[in-house]
């Protein structure tokens, strides 16, 4: 794992197309902005894992829609704090 130190408004590049910018640091929370091509999916880990779980369940014929809501609808928008 590469570990970097960045300050607010500083960025890192991942490949040629993905830029991650530190928008702010408040206590133990870091707010990140991610610019990526529209064909590159970007998710928080917990959302990614839920999507994978749902895809696995769909492949096995199990209906998980009654167990969980739509994880993508439950995410915070870009202007919300948190």
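In the working numbering, the protein residues as written are 7 to 88. Even glycine gets a Cβ: it sits at the ideal position worked out from N, Cα and C.
- Query: By how many angstroms is the C-alpha of residue 32 removed from the C-alpha of residue 54?
  - Reply: 25 Å
- Pairwise C-alpha distance: residue 18 and residue 9: 11 Å
- If we call anything under 7 Å between Cβ atoms a contact, is residue 42 one with residue 28? no
- Compare the Cα-Cα distances from residue 52 to each of 60, 45, 46 and report the closest residue. 60
- What span of residues does the alpha helix (DSSP H) with residue 34 cover, start to end? No alpha helix (DSSP H) contains residue 34, which DSSP labels as neither H nor E.
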